[in-house]
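All residue numbers for the sequence shown refer to the numbering used here, where the first residue is -15 and numbers rise by one.
Even for Gly, the Cβ is constructed at its ideal location relative to N, Cα and C.
Since the model is a prediction, treat every value here as computed from it, not as a measurement.
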Amino acid sequence: MPQGMKRLGMPIAALFGAAVLALIGTSWFLNRDALRQAVEAQIREVTGLDLIASGTIDVSVFPGSYVSFHNVGLKGGGTTDPALQVDVLTANLRLLPLLLRRFEIADVMMLRPHIRVVREAGGESNWTPFVERIARAMKPGAENQVSFSEIRIQDGVLKYEDAANKVKEQLGDIDLSLAWPSISRSFAATGQFDWRNERVDGSISASDFVAMLSGDRSGLKARIVSAPLKLAFDGSVANRTSLMMEGTVTVDSLSLRNAMRWMGQPVPGSGGFGRFTLRARANVVGASAALTNVNVELDGNAAEGVMTVANNGRQTLQATLAAGNLDFTPYISTVRLLASGARDWNRQLFDLTSLSATDLDMRLSAARVTVGPTKLGRTAFGANLRGGALALSIGEAQMYGGIARGSIGIARSDAIADVKAQFQFTDVDLQACAGELFGITKLSGRGNLGVSLMASGSSPFGLASSLDGTATLIGHDGAIAGFNVEQLLKRLERRPLAGGGNLRSGSTPYDNLNVSVRFNDGIATVEDVRVDGPTTRLTLTGTASVPAREYDLKGVASLTPAANNGGDKGFELPFVVQGPWDDPLVFPDPESLIRRSPGAAPLLDAVKDRKTRDAVRSVIERFTGGGQKPVAPETADGAKAN
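What follows is the structure, encoded as structure tokens:
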């Protein structure tokens, strides 16, 4: 057996030695100019680019078979500037054809290439001749059909310019491997590159490379993975008159806010826009994409429906989505109307830049909606953003135990926000409604509330200072907390000067409540406030400052005849409401109490008479030794007499 192996090894060794000698001999007698020309011709045939080498050219046959061109420029047909510049372009040669004195490229490696892509207004680019040349060269039956299996790019840079859309992008540190379809019809590219300070891992494969280059239909798979965003597409592509793609698209991001910033898109506000996933059937035509069977999730909110995304000079998004539960709290958590820890309105300026970035038209319905502390039932609303103007409309929402309808519009003028709101709340819980909308917690019952307001300002305080509009409230079967009018009136009716006791406890029930308020430059003027209860009536007039959040009201409280021991006229007491909205002071008018006292009323009338007032003052001064001393007359020379 060992002798047989020796006999077999000797011929193999001799054959290997002969091959080595043949390679060495070939390297001695090789026509290097012919080799260089053959390589240039093959690169031109495969890529459609003319190779212009301004640096040195290295040729090696053994131990490695390659040709290296330094400082290479590659130009497409009809172009003057090189579309591709390479520091070192190395063409590795196939060994067996080389022994037969034929020069065939196995693969190409480009070291530090600089790729320049310029897109013209008509959609063509400086690479269009290259693509057309590739398509012609690789079609079945083409003359002089040549190819090579792989193109590798190392440490490359790609610059993209689109003058029509004013877009400039750059990819750096490109490490890419292109599996050239030398045998099969498929094409694949895998690699990595840097874009906007993030490392991106990508891959793309086409089932029919020639068809894709010719604009015909071809299967396409693409994947992009980076820290901010993951994107995958599986479908088909065609490009006859415009780009058309159809297939399944999947998008995943740990933070949509970071992903949008990475892509150069402004992000509204500073809350929310965290975890985001989307899966849909996409149909792309040109710069528009129609998404059907959409399943989208953002910040834990899941919805399904259809969407349309377009970028025809301006980004637009249209969507019709349905959801089970929606929580908008993350998006309004940073919107503070009041200053933190204070009763004053927030004076921080609005950030309105996001209103000018995208046009939006969305229809959204949900079974349950949460907005901060507010819980809504079945809700249908829409959002429209166009030209920096945002319009939100609520078709119908189960809110505060009733139904809410209305709209709010926000228009941007530089740093100023112009706000218009119209809402109608029908049969709602007044305690929850007034507390959450206006910060008024003393009112309970049920009723209808209508508001029509407008304001303009750069902060919540600015909006409060310029508030104009009207508000009406019709309530029933409720109470006003903070004081018991019936007990107070009965006590003061018996003893007007005995003091009102604690006026900030108890509550006043009512059967009907009517409120009409008009706003003008942040001042609310009470046009009509009437409260009719089982035993009492209340009327109010006055104003309330919206910027200061304070009351300055006067009213009259009276007992009904039935509560006033059957008298014809009930006891009436004027009172005053002053102080902050959340904790106002309510106290009776002192003059009216004095007048109702049998002993104090004559004294009040007396001190109003001048003669009586002077007599009383004289008596007081005698007892106290006070009063003013007479002024001494002046002498003729102006000196005072001693």
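Coarse secondary structure for residue i, derived from DSSP in three states
i	result
GLN69	strand
GLY429	strand
GLY446	helix
LEU227	strand
GLN415	helix
THR112	helix
PRO493	strand
ASN279	strand
PRO545	coil
THR519	coil
ASN267	strand
LEU343	First, the amino acid is wrong: residue 343 is Asp here, not Leu. ASP343 falls in the strand class under three-state DSSP.
ILE137	strand
LEU333	coil
ASN242	helix
ILE27	helix
LEU644	Residue 644 lies beyond the range of the chain shown here (-15 to 626); nothing can be said about it.
SER220	strand
ALA211	coil
ASP42	strand
ASP202	Looking at the sequence provided, one finds Ser at residue 202 rather than Asp. It is a strand residue.
ALA22	helix
ASN55	strand
GLN471	helix
LEU421	helix
ALA287	strand
PHE365	strand
CB contact flag (residue i, residue j, <8 Å)
i	j	result
PRO252	ASP283	no
LEU301	THR342	yes
ARG100	ASP71	no
PHE334	ALA401	yes
GLY393	LEU374	yes
ILE27	MET94	no
VAL530	LEU457	no
ASP91	LYS59	no
ALA463	THR425	no
LEU675	GLU470	Residue coverage of the chain in this structure runs from -15 to 626, which leaves residue 675 outside it and unanswerable.
SER239	GLY255	no
ALA190	GLY203	yes
GLY390	GLN406	yes
GLY366	ARG352	no
Strand pairing of residue i, partner residues [DSSP]
i	result
ASN670	The chain is shown only over -15 to 626; residue 670 falls outside these bounds and no answer can be derived.
GLY175	LEU160 and GLY186
GLY526	VAL510 and LEU537
ILE118	Its beta-bridge partners do not exist; DSSP assigns none.
GLU145	VAL102 and LYS152
ASN498	ILE458 and ARG514
VAL570	VAL561
ALA405	ILE392 and LEU437
LYS359	THR354
GLN302	THR292 and ASP345
Inter-residue Cα distance where the pair is residue i and residue j
i	j	result
GLY39	GLY156	24 Å
PRO357	ASP573	39 Å
SER500	GLN408	14 Å
LEU497	LYS538	17 Å
LEU524	PHE445	27 Å
ILE387	VAL412	7 Å
ALA307	ASN223	36 Å
ALA418	LEU433	9 Å
THR276	ASN76	48 Å
SER428	ALA416	8 Å
MET244	ALA264	19 Å
GLY379	PHE312	18 Å
PRO564	ARG533	6 Å
ALA364	ARG514	35 Å
LYS205	LEU162	15 Å
ALA541	TYR535	17 Å
LEU447	GLN69	59 Å
ALA172	PRO47	30 Å
ALA279	LEU73	The amino acid at residue 279 is misidentified as Ala; the sequence shows Asn. Roughly 47 Å between the two C-alpha positions.
VAL194	THR225	17 Å
PRO568	GLY431	23 Å
- Message: Is it the case that the stretch 18 to 28 contacts the stretch 39 to 55, given that we only count it when at least three CB pairs across the two stretches are under 8 Å?
- Response: yes
- Message: Using a Cβ distance threshold of 8 Å, determine whether the stretch 271 to 280 contacts the stretch 289 to 297, with at least three qualifying pairs required.
- Response: yes
- the stretch 435 to 450 contacting the stretch 500 to 512, beta-carbon criterion three pairs below 8 Å: yes
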